[in-house]
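Numbering (our numbering), first residue to last: 1 to 181. For reference, the structure is listed below as structure tokens.
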Amino acid sequence: MAKLRKGCCYKRPERPYTRKSKRREKSFVRGVPFSKIVSFDMGDKAKAQEYPCIIHFISKDTAQVRHNALEAARVAVNKVLTTDIGLNGYYFKIKTYPHHVLRENALAAGAGADRFSTGMAHSFGKPTGIAAQIKAGQEVMYITTTPKYAEIAKKAMHQARYKLSLRANIFVENREPKAKL
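Rendered as structure tokens:
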């Protein structure tokens, strides 16, 4: 299996493209890979609306982030939160979903490569992964918790910043907790 290409190959957002063919069945991207993101909601889902403190992770850049980078950020944040706070002291949600299909037109190089390579004649490419297209000012993820754990949650968001290839603002918002009915 070929190794994973660098993230800088896919960082710039591309316009989602679907080829148009005379035959309907050839107009679709076949074999879209599954997302590596295991879970989008973590922590105590029942108390998500009751926590008064929200820590937002908002992108400064327009960029494309692959699903394995989002999963790495999720694992890093969740590890800090579960070790320092515990399973019942926070709620963590990833708000972006990787929809964009990344394709690669594999070109063969070396002796005898002209016999099985099509060059740029049929350059649509095979699906290699999926990515989330994030706009500037878009919220990527957030954590809700108590004010006592706000600094730990902010530290966890800083860990996510290292895993994603975009600049981000992390800020804390305090709200009035909703009372149980």
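Think of the CB as a built atom: it goes at the ideal place given N, C-alpha and C, for glycine as much as any other residue. All of these numbers come straight from a predicted model, not from anything done at the bench.
What distance in whole Å lies between the Cβ atoms of residue j and residue i, which are believed to be in contact at a cut-off of 8 Å?
i: residue 127; j: residue 29; result: 6 Å
i: residue 176; j: residue 58; result: That belief does not hold up - the Cβ atoms of residue 176 and residue 58 are roughly 22 Å apart, past 8 Å.
i: residue 100; j: residue 131; result: 5 Å
i: residue 174; j: residue 53; result: 6 Å
Per DSSP, which one or two residues make a beta bridge with residue i?
i: residue 63; result: 134
i: residue 53; result: 145, 174
Is it true that the CB of residue j sits closer than 7 Å to the CB of residue i?
i: residue 55; j: residue 74; result: no
i: residue 84; j: residue 152; result: yes
i: residue 159; j: residue 13; result: no
i: residue 124; j: residue 23; result: no
i: residue 90; j: residue 43; result: yes
i: residue 35; j: residue 67; result: yes
i: residue 38; j: residue 156; result: no
i: residue 164; j: residue 129; result: no
i: residue 46; j: residue 144; result: no
Are there 16 or more other CB atoms within 10 angstroms of the CB of residue i, so buried, or fewer, so exposed?
i: residue 149; result: buried
i: residue 120; result: exposed
i: residue 51; result: buried
Is the closest heavy atom of the ligand COA to the C-beta of residue i under 6 Å?
i: residue 55; result: Of ligands this structure carries none, so the ligand COA is not represented either.
| Contained beta strand (DSSP E) runs [length at least 3] in the region 22 to 52, N- to C-terminal order | Whole beta strand (DSSP E) segments, 3+ residues: 41 to 43.
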